[in-house]
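Numbered according to numbering that gives the first Met the number 0, the sequence shown terminates at residue 99, and the numbering increases by one at each position without gaps.
Where is the CB? At the ideal position from N, CA and C, for every residue including glycine.
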Amino acid sequence: MTVYVVAKLKINDRETYAKYSDGFMDILPRYGGKLLSVDDGAEVIEGDWPYNRTVLLEFPDKAGMQTWYNSPEYRDLVKHRYASSTAEIALIKGWQDVEN
0 MTVYVVAKLK INDRETYAKY SDGFMDILPR YGGKLLSVDD GAEVIEGDWP YNRTVLLEFP
60 DKAGMQTWYN SPEYRDLVKH RYASSTAEIA LIKGWQDVEN
């Protein structure tokens, strides 16, 4: 079952955040993850969007996403994101896997 990770971020320290983003793509593919989109200027269609970066990731399944998220490599890297931004992150199911 394909799953997606949607991350909405407020980056407040670009220099520290760069340490996170510089290592991100070295880790993500090892766990089957794909970077589908990074947007630093999302066009707001409805509501309030106080974020300055939006990211969309794809994984073949939830287990792969959890393995990536909990991996020692990612846990070591993510400390830079925690120090430089705030985020709201959600896991959503792929369309073909959503029950009506």
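Residue i - partner residues in DSSP beta bridges
i: S36; result: L55
i: T85; result: K9
i: L90; result: V4
Rounded Cβ spacing between residue i and residue j (contact assumed at less than 8 Å)
i: G93; j: Y3; result: 7 Å
i: I91; j: R52; result: Their Cβ separation, rounded to whole angstroms, is 18 Å, which puts I91 and R52 out of contact at 8 Å.
Whole-angstrom distance between residue j and residue i, CA atom to CA atom
i: E42; j: E87; result: 18 Å
i: S83; j: Q95; result: 35 Å
i: D38; j: A62; result: 26 Å
i: E72; j: A17; result: 16 Å
Pair within 8 Å by beta-carbon distance, residue i and residue j
i: L27; j: L34; result: yes
Where residue i falls, given that 16 or more other Cβ within 10 Å makes a residue buried
i: Y81; result: exposed
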